[in-house]
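What follows is a single structure, written as structure tokens, with notes after it.
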Amino acid sequence: MRVLDVDHIAIAVRDLNKAIETFKSILGVEPLKVEEVPEEKVRIAMFKVGNIHIELLEATDPESSVAKFIEKRGEGLHHIAFRVENVDEVSKELRSKGFSVVYDQPRVVAGGKRIINFVHPKSAHGVLIEVVERRG
Numbered sequence: 001m002r003v004l005d006v007d008h009i010a011i012a013v014r015d016l017n018k019a020i021e022t023f024k025s026i027l028g029v030e031p032l033k034v035e036e037v038p039e040e041k042v043r044i045a046m047f048k049v050g051n052i053h054i055e056l057l058e059a060t061d062p063e064s065s066v067a068k069f070i071e072k073r074g075e076g077l078h079h080i081a082f083r084v085e086n087v088d089e090v091s092k093e094l095r096s097k098g099f100s101v102v103y104d105q106p107r108v109v110a111g112g113k114r115i116i117n118f119v120h121p122k123s124a125h126g127v128l129i130e131v132v133e134r135r136g
């Protein structure tokens, strides 16, 4: 697997609007965007600090993985995302190396702008890792 860059660091929050105000105060910047990602059942706010993006995640469905994460662990660091050239190839490579990959087939999200998959935290020392391929 060849990582091109850190794509973003994601933080799970209960109340996105409150979290936006908190992070605006801490980071000193406005979010680049606030949007819903229905495929993942979340609403997000994306901040950019230097070359790093900070993504705040709020569940839009009580059965979503983010809602379950917050219920089990509380708010906090949810995942680290790495940008790769081809998520499908990376997913196959990771499986061949014995890693547990969350989705059988990578998911297309954000209106087709991103393709994603995740490495399960049980195979990555407790860290949920997202691999992201950006389009356009």
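Note that the UniProt record's numbering numbers the sequence shown so that position 32 is 32, with each residue one more than the last.
Glycine included, every Cβ here is placed at the ideal spot set by N, Cα and C.
Open item on the list: Using a 10 Å radius around the Cβ and a threshold of 16 neighbouring Cβ atoms, would you call Ile52 buried or exposed?
Closed with: Under the 10 Å beta carbon count, Ile52 is surrounded by fewer than 16 other beta carbons and is classified as exposed.
Task: Beta-carbon proximity of Ser100 to Ser123, cut-off 9 Å - done: Yes, the pair counts as a contact, with Cβ atoms nearer than the cut-off.
Open item on the list: For Gly111 and His79, what's the separation of their Cα atoms in angstroms?
Closed with: About 21 Å.
Task: Closest residue to Ala19 among Asp5, Leu56, Glu30, Pro38 (Cα-Cα distance) - done: When the alpha-carbon of Ala19 is set against those of Asp5, Leu56, Glu30, Pro38, the nearest one is in Leu56.
Open item on the list: Do Arg83 and Glu40 count as a contact pair if the criterion is CB distance below 9 Å?
Closed with: No.
- [ ] Check the DSSP bridge columns for Met1 and list the partner residues they point to.
- [x] Looking at the DSSP output, Met1 bridges to nothing.
Task: Contact under 9 Å by Cβ, Arg14 with Ile70 - done: The answer is yes: Cβ separation under 9 Å.
Open item on the list: To the nearest angstrom, how far is the alpha carbon of residue 144 from that of Gly50?
Closed with: Coverage of the chain is limited to positions 1 through 136, which leaves residue 144 absent and any answer about it impossible.
TODO: Alpha carbon to alpha carbon, how far is Ala45 from Ile9? Give it in angstroms, no decimals.
DONE: Near 12 Å, if we compare the C-alpha coordinates of Ala45 and Ile9.
TODO: Identify whether Glu55 lies in helix, strand or coil by the three-state DSSP scheme.
DONE: Glu55 falls in the strand class under three-state DSSP.
TODO: Could you please give me the residues that DSSP links to Asn117 through a beta bridge?
DONE: In DSSP, Asn117 forms a bridge with Val131.
TODO: Starting from Lys48, trace the beta strand (DSSP E) both ways and give me its first and last residue.
DONE: Looking at the DSSP string, the run of the beta strand (DSSP E) that includes Lys48 is 42-49.
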